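J.:
Chains as they are written, first to last, in our numbering: chain A, 7 to 805; chain Z, 7 to 360.
(1) Within 8 Å (strictly less), CB to CB, does residue 319 of chain Z reach chain A?
(2) In the DSSP assignment, find the beta strand (DSSP E) that holds residue 661 of chain A and state where it starts and stops.
(3) Give the straight-line distance between the Cα atoms of residue 229 of chain Z and residue 249 of chain A, rounded to the nearest whole angstrom.
(4) Evaluate the contact criterion for the stretch 310 to 318 of chain A versus the stretch 251 to 262 of chain A: three or more CB pairs, one atom per stretch, below 8 Å.
(5) Determine, for residue 53 of chain A, whether the minimum Cβ-Cβ distance to residues of chain Z falls below 8 Å.
(6) Does the CB of residue 142 of chain Z have a neighbour CB from chain A at under 8 Å?
(7) Taking only three categories from DSSP, how would you classify residue 606 of chain A?
(8) Comparing C-alpha positions only, which one of A:617, A:206 and A:360 sits nearest to residue 508 of chain A?
(9) Is the separation between the beta-carbon of residue 168 of chain A and that of residue 265 of chain Z shorter than 8 Å?
(10) Mind listing the chain A neighbours of residue 242 of chain Z? Cutoff is C-beta to C-beta under 9 Å, in chain order.
(11) Using a Cβ cut-off of 7 Å, which residues of the stretch 497 to 526 of chain A contact any Cβ in chain Z, in chain order?
(12) Using the three-state DSSP reduction, which class does residue 80 of chain A fall into: helix, strand or coil?
(13) On the three-state DSSP scale, how would you describe residue 94 of chain A?
(14) Just the Cα atoms here: how many angstroms apart are residue 367 of chain A and residue 358 of chain A?
(15) Report yes if the C-beta distance between residue 275 of chain Z and residue 257 of chain Z is below 8 Å; otherwise report no.
(16) Quick check on the DSSP output: the alpha helix (DSSP H) that includes residue 73 of chain Z runs from which residue to which?
(17) Quick check: the Cα distance between residue 124 of chain A and residue 230 of chain A, rounded to an integer number of angstroms?
(18) In angstroms with no decimal places, state the Cα-to-Cα distance between residue 116 of chain A and residue 85 of chain A.
(19) Would you kindly work out how many angstroms separate the C-alpha atoms of residue 464 of chain A and residue 454 of chain A, rounded to a whole number?
(20) What residues in the stretch 269 to 302 of chain A have a beta carbon less than 8 Å from any beta carbon of chain Z?
(21) What residues are listed by DSSP as bridge partners for residue 391 of chain A?
(22) With C-beta atoms as the reference, is residue 741 of chain A less than 8 Å away from residue 347 of chain Z?
(23) So who's on the other strand from residue 688 of chain A, going by DSSP bridges?
(24) Helix, strand or coil for residue 166 of chain Z? Go by DSSP, reduced to three states.
(25) Find the nearest neighbour of residue 360 of chain A within the set A:100, A:256 and A:767, judged by alpha-carbon distance.
(26) Looking at chain A, which residues of the stretch 164 to 183 of chain Z have a Cβ within less than 7 Å of any of its Cβ atoms?
(27) Name the residue from A:702, A:147, A:593 and A:44 whose alpha carbon lies nearest to the alpha carbon of residue 77 of chain A.
(28) Should the stretch 681 to 692 of chain A be called in touch with the stretch 721 to 737 of chain A, which here means at least 3 C-beta pairs below 8 Å?
(29) Any beta carbon from chain B within less than 8 Å of residue 78 of chain Z's own beta carbon?
(30) Rounding to the nearest angstrom, what Cα-Cα distance links residue 621 of chain A and residue 554 of chain A in this structure?
(31) Do you know whose CA, among A:799, A:389 and A:677, lies nearest residue 224 of chain A's CA?
(32) So what does DSSP say about residue 170 of chain A, is it helix, strand or coil?
(33) With 16 as the cutoff for other CB atoms within 10 Å, does residue 605 of chain A come out buried or exposed?
(34) Using a Cβ cut-off of 8 Å (strictly closer), state whether residue 155 of chain Z contacts chain A.
(35) Could you tell me if residue 544 of chain A is buried or exposed, where buried requires 16 or more neighbouring beta carbons within 10 angstroms of its beta carbon?
(36) Could you tell me the alpha carbon to alpha carbon distance between residue 269 of chain Z and residue 634 of chain A, rounded to whole angstroms?
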């Protein structure tokens, strides 16, 4: 809210600077978001009259004007097309200084001497009205200092008023708060209201819950015209555009007292009765903003005997507004319930200074006096006679006092303020304060609807006595052992495991586009979606982390990266009846050379399926035995991100029958969609919630033998299609317990190996903990292995 | 012919001595040359060997007189040969080590190195301080209902405080994406009895156009303490201690009044700008202070909504924006950088700062 310091000072004489005021406001909880200094930013500019205007001899677009500044006639070159003889203008004399420290001197323009400058409003740092020079209209005599016409300099503060303090949404309201804080007295408002008109309208309020007070009075015989300069200055200082003397008074009263008023042209109203009622289906309102609104049934409206003439507390109708032709005004001053104004404003997306205040809650006792002031001011500026108001109001229930104690307030604050300190600031705020030793009985004034319990009063005491005067305390808490959630514990381990494998952590948004789902071959039907997305790109809650990582891959490759190892830990979403299920997952993408070692290509192989398999094995190592199943097989089951994977080169990791992770190549269609088709991207996707739900026991030492071990290398030729896992399984079964380790060290096809076959070379490590194996022991075992492999998987030793 | 007289032996000795001189032990060019010299002098038929052997033909007295002299010459020759041998070996080693030279200035071979996201690091830095102060970690769903996000937090349907929570609503179901982690306050209080001391870190959503300083997705760390006799001063103590641990012991804090529907009294906490000497800079928006936390004493209305007795229990709650802290700590100017996942960005961070 914009606050003019000059205006504020009319209500409360303050000696401090505007910057000091801003610091005090901050201490009271009102942040000052902006501070603007108003007033003439120029010197040496006077009112002058253009005596004549002639064409410039050497320039098409320039003219040469004779300008009378009251003392002398000057010849001035002017470029504005709207300059004309007879105009009263702002004239910068030689020696004038315009905004930006622009000094006016004698100049020659295209060979013609120019003694000064005729100014536009923007050249003077004033709000622009029309293109070209500022034509001032009749009035000020030539020679008058233009700066003096603009009123005194002012400071305008942009104050953030929190939504609990609507009572401070006006100059007097804020002054009232400051008066309490500084223990000063508000300047009283003098009002001479003569109700000489013997007419009173009739008002009918349907629902006093929605409209606790409605008042309206007639003012007849007004002359609508421009407001006087003082009023224009007030409104302009806080960024409002003056309209006419009647509308300006209602705006002035709103920003002065916080009470919105509305003026109707009484002659445009049908019938003599005013209703405050609910809108009916099909009713419309052509509002003051020139737009027609279809009103849903049930909004609170003001209507005449035919149709709605205002959306209560929000905006009036254009066709009942005060115009230059208006002679009779119906002036409304009312209180509408906060919820009503907010619902109306939201239903129509129509907002106004008035609705902003009603939404937050206005003082129910304010409209009477504010409308009286408004009426008196209208008559003062526009003439006419005022009638007595018709008023409809709910019976006023006195506000119950808040009963609390000094010790209770100190306990809330953890402070040690004395009863005297607290009472002295409360006496500035309360409508009624009773202090009985420790006990306090505080009755809030009608405008402080935010005060209802001891905590509210504790905040008042703290604000006025200073948050800085509350001590720092650490002692009161019982010691407790802090715990992480299982999910956070597991997520931390996953981050360590994946960064150790060289993956960087990515953070992607949870919301994705329908076209992203399409590119990833993921179904959008049924997927939870946002009703009010920011844009199409943000429509759906993600069913998988992988689309985000694919976008990251494309982004980085297009910016010169040729390798990428990324993972993300995040939530994915799925429909679940009338709700949405959320699952924590961790997913990753690998592509390109593993090492940053391009100059040693042998040591920097491209990421393969088996690198991603290692990541999954690392994540799952403590959760149980992994059983691998091919995607599409009966045991593999189905998960949301399956369509993103290459259906042939993809495995599911199952633990105790549960599908816990998936690892595989990227599906070629998705690869094309993300320009990754030549990159060989490998993906993995792990259910982190599943892992977090299971205990991970601490690693338990497996004894190892101090005795020497024996190694044997075997090269086995098998059919090309035989999976290695089958060979390993048969080998382990045949070898028995003496086989400690098996390590595949070569897979070969080519010269020396028949077509359709491959050679798998394994290094076997044998040993026992009770004795050293002899060569004969090992030879016997190897013989048994070779025989079993020949029988079970058709393997033979490579020649 | 072996000398048999003392004179003859002494002549033989002189010859041997000159032979030793002629051999120039310290000039032997390599190990084989040195070996030749050794054989010539000390070999089975070597001159010195012969000289020593010939001592046996002398009288006992001559043996006693001349023996040490001969032995001394032999020791001198042996030491000379050893010295030269070690010199030659050192030279040979040096030559062979020189030949092994590789280009040591080639770039280091870096194994793939992973980096945690800076928001993870920042969130953990924040969380760790509170853990040390006894706060447990709590989580809640991202998709929420109106009660947990608003009404139980004393934000009624028609309350203008909702204006500052631009909300994403879900289609077809009465659910929304949580606009703050304060939802977890409610969930924690619904599922456990006081005393409580929890932080609720996590992701939140606001219906806001994304730009350098606004994100529709961001992270908060919410905190809640409920116990008997908790007051605003405990909030000040805890948050001041937290900020000192996070930003340095010399940091200055400012608690100023503010408004949140779920706390009363409420406060916003600023720290004195640590980028400028309080004179104003872009980081503090030219105010000299950086807003970092929102907090307050739990509003009794919130306790009532979860069935806690507000006469018995009191507490405080706070919320800190993770992105905001990460931007301050790491000098990041554009919020969007956190969600673009540019490797050139991600690779610059990997730390828990506290």
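Yeah, the Cβ is synthetic: ideal placement off N, Cα and C, and Gly gets one too. If you're wondering where the values come from, they're calculated on a predicted model, not measured in any experiment.
T.: Inspection of the coordinates gives the following:
(1) False, the Cβ-Cβ gap to chain A never drops below 8 Å.
(2) 651 to 661
(3) 51 Å
(4) no
(5) no
(6) yes
(7) coil
(8) A:617
(9) Going by C-beta atoms, residue 168 of chain A is nearer than 8 Å to residue 265 of chain Z.
(10) For residue 242 of chain Z, the neighbours in chain A by C-beta distance under 9 Å run, in chain order, 420, 473, 476, 477, 478 and 479.
(11) 501, 504, 505, 506, 507, 508, 509, 510, 511, 512, 513, 514, 515 and 516
(12) strand
(13) strand
(14) Rounded to whole angstroms, the separation of the alpha carbons of residue 358 of chain A and residue 367 of chain A is 14 Å.
(15) no
(16) 66 to 105
(17) 32 Å
(18) 12 Å
(19) 15 Å
(20) Of all residues in the stretch 269 to 302 of chain A, none places a beta-carbon less than 8 Å from a beta-carbon of chain Z.
(21) A:226
(22) no
(23) A:596 and A:671
(24) helix
(25) A:256
(26) Listed by position along the chain: 164, 166, 167, 174, 175, 176, 177, 179 and 181.
(27) A:147
(28) Verdict: no, contact absent.
(29) Judged by its chain identifiers, the structure shown contains no chain B, and its protein chains are A and Z.
(30) 19 Å
(31) When C-alpha distances from residue 224 of chain A are compared across A:799, A:389 and A:677, the shortest belongs to A:389.
(32) coil
(33) exposed
(34) no
(35) buried
(36) Answer to the nearest angstrom: the Cα atoms are 53 Å apart.
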